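Trainee: Quick one: this structure, given as structure tokens, is what I'll be asking you about.
Residue numbers (our numbering): 16 to 107.
Pasting the structure below:
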């Protein structure tokens with residue numbers, strides 16, 4: 016069965032409820048959608064970070080939790096960019 020919107024939203028809620036999210040939690044979301052290329056993953060992580068940034072502060076237990084989640088999104092973006100650059104350098 017394919018990963019659907021209700022599962023995605025459930026994972027988002029669980030992630031926001033989690034005190035200390037790790038990069039593996041962020042990568043799980045992209046992996047669940049089986050995103051095919053690093054470029055698409057970069058855009059997905061950027062949109063995910065943008066979405067978390069738009070959440071009201073009251074959704075998070077405190078500012079530190081919010082900043083941690085945003086930082087994990089940024090780490091995922093950075094790793095996906097590195098993967099994309101490696102993929103491009105292999106083509107040369």
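Quick reminder that beta carbons are idealized off the backbone N, C-alpha and C, glycines included. On a predicted model such as this, the values are computed, not experimentally measured, just so you know.
Look at the alpha carbon of residue 53 and the alpha carbon of residue 105, and state the distance between them as a whole number of angstroms.
Mentor: 14 Å
Trainee: Rank 91, 101, 103 by C-alpha distance to the C-alpha of residue 43 and give the top, closest one.
Mentor: 91
Trainee: Ends of the alpha helix (DSSP H) at residue 21?
Mentor: 20-32
Trainee: Which residue marks the beginning of the alpha helix (DSSP H) containing residue 72, and which one marks its end?
Mentor: Element bounds for residue 72: n/a, residue is neither H nor E.
Trainee: Could you have a look at residue 40 and say whether DSSP puts it in helix, strand or coil?
Mentor: helix
Trainee: How big is the Cα-Cα spacing for residue 82 and residue 103?
Mentor: 31 Å
Trainee: By how many angstroms is the C-alpha of residue 88 removed from the C-alpha of residue 20?
Mentor: Answer to the nearest angstrom: the Cα atoms are 20 Å apart.
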